[in-house]
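A.B. asks: Sharing a structure, written as structure tokens. Questions coming.
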Amino acid sequence: MKANFHTHTFRCNHAGCSDQRYVDVAIEAGIGTLGFSDHAPYVGFEGDFYSFYRMRPEQLEDYVTSVNELREQYKGRIDIHLGLEAEYYPKLFPKLLEFLKPYGIEYLILGQHYLDDDQHGMYVQWVNTEEDMVRYADQCVEALETGAFSYIAHPDIVGLDRKHPAFRREMKRILECSGRLGLPVEVNVLGIYRDRIYPCEEFLDLCRECGSRVILGIDAHLPEQFTDAPSIEKAYNLIEKYGLEVTETIDTTRFLRYYEANT
Ligand SMILES: [Zn+2]
Ligand SMILES: [Zn+2]
-4 MKANFHTHTF RCNHAGCSDQ RYVDVAIEAG IGTLGFSDHA PYVGFEGDFY SFYRMRPEQL
56 EDYVTSVNEL REQYKGRIDI HLGLEAEYYP KLFPKLLEFL KPYGIEYLIL GQHYLDDDQH
116 GMYVQWVNTE EDMVRYADQC VEALETGAFS YIAHPDIVGL DRKHPAFRRE MKRILECSGR
176 LGLPVEVNVL GIYRDRIYPC EEFLDLCREC GSRVILGIDA HLPEQFTDAP SIEKAYNLIE
236 KYGLEVTETI DTTRFLRYYE ANT
């Protein structure tokens, strides 16, 4: 694995270690391009509901400073990029953009963990009806179509039964939208590492059917994930089993350009 654009930091409250340790272990694993994409702070929520799984707005400056310092410090040894993983909440998104403006974030990945628009939204792993599956797909498609995101992380995090016909139909809409926009879709290695419901074979089979380009995302919440050969090997085996085309690059300045065009 030469590149990984899905890396968290301690600021989201459920990932460990120092930022530097992620870089050191990534180098040890032979990774040449490392993107940090911690869970974006969201502004506009009432109260503190989400603080257990994302950085607070006042931590963003420290995150950006730290990643940029590491980028300088490690120049010539590893290419470091500054990103964020964010949900798309239609009503709050303009506020997020305004908030992120001064920080020079290079890219966003879409990690849609909740439906709707606020802290009362449903956790997507609880989705178990066709109606909610449609809402999930609508929200992902609308997000990707903004042009702000470089790819969608773990599209198959959604909880609907894989045998439900709406799983295939709606997941295909997300894959076709990604394809239309020239974006890869992620095969999430953390899901393998933690034995979660994703990545699932039904999803990989749909990637094959749609001719989707895939990208591996370590989704590192611990630096040791970079050197965990079994989970990475299993991901490659799955990709090979379904004959998928893998990419190791993303549009790392997509969000910067989105800004220029939209603000
Ligand atoms: Zn996380
Ligand atoms: Zn993540």
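Every letter in the sequence shown is one number past the one before it in the numbering used here, and letter 90, counting from 1, is 85. No residue lacks a Cβ here, since even glycine has one placed at the ideal position from N, Cα and C. Because the structure is a prediction, the values reported are computed rather than measured.
1) Does the distance from the C-beta atom of GLU181 to that of ALA148 stay below 8 Å?
2) Please determine if the stretch 78 to 86 and the stretch 109 to 125 are in contact, where contact requires at least 3 C-beta pairs separated by less than 8 Å.
3) With a Cβ-Cβ cutoff of 8 Å, do TYR237 and LEU211 count as a contact?
4) Give me the residue from LEU55, SER173, PRO160 and THR4 with the minimum Cα distance to SER207.
5) Is ALA148 near ligand 2, judged by its Cβ being under 7 Å from some heavy atom?
6) Using 8 Å as the threshold, is the C-beta distance between ARG249 and SER145 below it?
7) From the DSSP output, in three-state form, read off TYR262 for me.
8) Out of GLY30, ILE245 and LEU95, point me to the one whose CA is closest to PHE0's CA.
9) Alpha carbons only, please: which of THR141, LYS70 and ILE152 is nearest the one belonging to LEU176?
10) Starting from the N-terminal side, write out each stretch of the beta strand (DSSP E) that is 3 residues or longer and does not extend beyond the stretch 33 to 91.
11) Could you pull the start and end residues of the alpha helix (DSSP H) that VAL129 belongs to?
12) Run the CB neighbour count on PRO284, radius 10 Å, all protein chains shown included, and call it buried at 16 or more, exposed below.
13) Check whether the Cβ of HIS3 lies closer than 7 Å to any heavy atom of ligand 2, and answer yes or no.
14) For TYR146, write down the residues that DSSP places opposite it in a beta bridge.
15) Roughly how many angstroms separate the alpha carbons of LEU170 and LEU105, rounded to a whole number?
16) Can we say the stretch 55 to 74 touches the stretch 211 to 220, given the rule of at least three CB pairs closer than 8 Å?
17) Reducing DSSP to helix, strand and coil, say where TYR231 ends up.
18) Where does TYR193 sit, in a helix, a strand or coil, going by DSSP?
19) Would you mind stating whether LYS167 and LEU201 have Cβ atoms separated by less than 8 Å?
20) Leaving out five residues before and five after ARG51 in sequence, what residues of the same chain have Cβ atoms less than 7 Å from its Cβ?
21) Quick check on the DSSP output: the alpha helix (DSSP H) that includes LEU170 runs from which residue to which?
22) Please work out which residues of its chain come closer than 6 Å, Cβ to Cβ, to GLU262, disregarding the five sequence neighbours upstream and downstream, and give them in chain order.
23) Is the separation between the beta-carbon of ILE152 and that of VAL119 shorter than 8 Å?
24) DSSP on LEU110, reduced to helix/strand/coil?
25) Taking just the CA atoms, how far does ALA24 sit from THR60?
26) Please say whether ILE245 and PRO194 have beta carbons closer to each other than 8 Å?
C.D. replies: Let me lay it out:
1) If you number the sequence shown from 1, residue 181 lands on position 186. If you number the sequence shown from 1, residue 148 lands on position 153. Result yes, Cβ atoms of GLU181 and ALA148 sit closer than 8 Å.
2) The stretch 78 to 86 and the stretch 109 to 125 touch, with no fewer than 3 CB-CB distances between them shorter than 8 Å.
3) The residue given as residue 237 occupies position 242 in the sequence shown. The residue given as residue 211 occupies position 216 in the sequence shown. Cβ atoms of TYR237 and LEU211: not closer than 8 Å.
4) Along the sequence shown, read from residue 1 onward, the residue named residue 207 stands at position 212. Distance check between SER207 and each of LEU55, SER173, PRO160 and THR4 places SER173 closest, using alpha-carbon atoms only.
5) Residue mapping note: residue 148 aligns to position 153 of the sequence shown, counting from 1. For ALA148, the Cβ falls inside the 7 Å cut-off from some heavy atom of ligand 2.
6) On the sequence shown, position 254 is the one that residue 249 refers to. On the sequence shown, position 150 is the one that residue 145 refers to. A contact, by the Cβ cut-off of 8 Å.
7) What the structure shows of the chain is the stretch from -4 to 258, and residue 262 is not part of that stretch, so it cannot be assessed.
8) Residue 0 sits at position 5 when you count from the first residue of the sequence shown. Selected option, being the one with the closest Cα: GLY30.
9) Counted from its first residue, the sequence shown places residue 176 at position 181. Looking at the Cα atoms, THR141 is the closest of the given residues.
10) List check, beta strand (DSSP E) in window: 74 to 81.
11) As a first step, residue 129 must be located in the sequence shown, where it is residue number 134. Run containing VAL129: 125 to 140, per the alpha helix (DSSP H) assignment.
12) With the chain represented from -4 up to 258, any question about residue 284 goes unanswered, as that position is not in the structure.
13) If you number the sequence shown from 1, residue 3 lands on position 8. The answer is yes for HIS3.
14) Here residue 146 is taken as the residue at index 151 of the sequence shown, counted from 1. DSSP lists ILE104 as the beta-bridge partner residues of TYR146.
15) Within the sequence shown, numbered from 1, the residue matching residue 170 stands at position 175. Within the sequence shown, numbered from 1, the residue matching residue 105 stands at position 110. Going by the C-alpha atoms only, they are around 13 Å apart.
16) By the Cβ test, the stretch 55 to 74 is not in contact with the stretch 211 to 220, since fewer than three Cβ pairs between them sit closer than 8 Å.
17) Within the sequence shown, residue 231 is the residue found at index 236, counting from 1. The answer is helix: DSSP assigns TYR231 an H, G or I state.
18) In the sequence shown, the residue the question calls residue 193 occupies position 198. Three-state DSSP puts TYR193 in coil, outside helix and strand.
19) In the sequence shown, counting from the first residue as 1, residue 167 sits at position 172. In the sequence shown, counting from the first residue as 1, residue 201 sits at position 206. For the 8 Å CB-CB criterion, LYS167 and LEU201 form a contact.
20) In the sequence shown, counting from the first residue as 1, residue 51 sits at position 56. Around ARG51: PRO36.
21) Position 175 of the sequence shown holds residue 170. For LEU170, the uninterrupted alpha helix (DSSP H) segment begins and ends at 160 to 175.
22) Any question about residue 262 goes unanswered here, given that the chain covers just -4 to 258.
23) Here residue 152 refers to the residue found at position 157 of the sequence shown. Here residue 119 refers to the residue found at position 124 of the sequence shown. In this structure, ILE152 lies near VAL119, with their beta-carbon atoms less than 8 Å apart.
24) Start at 1 with the first residue of the sequence shown, and residue 110 comes out as number 115. Coil, per DSSP.
25) Counting from one through the sequence shown, the residue named residue 60 turns up at place 65. Counting from one through the sequence shown, the residue named residue 24 turns up at place 29. If you take the alpha carbons of THR60 and ALA24, they lie about 25 Å apart.
26) For the purposes of this step, residue 194 is taken as residue 199 along the sequence shown, with counting starting at 1. For the purposes of this step, residue 245 is taken as residue 250 along the sequence shown, with counting starting at 1. Against a cut-off of 8 Å, the Cβ pair of ILE245 and PRO194 comes out as no contact.
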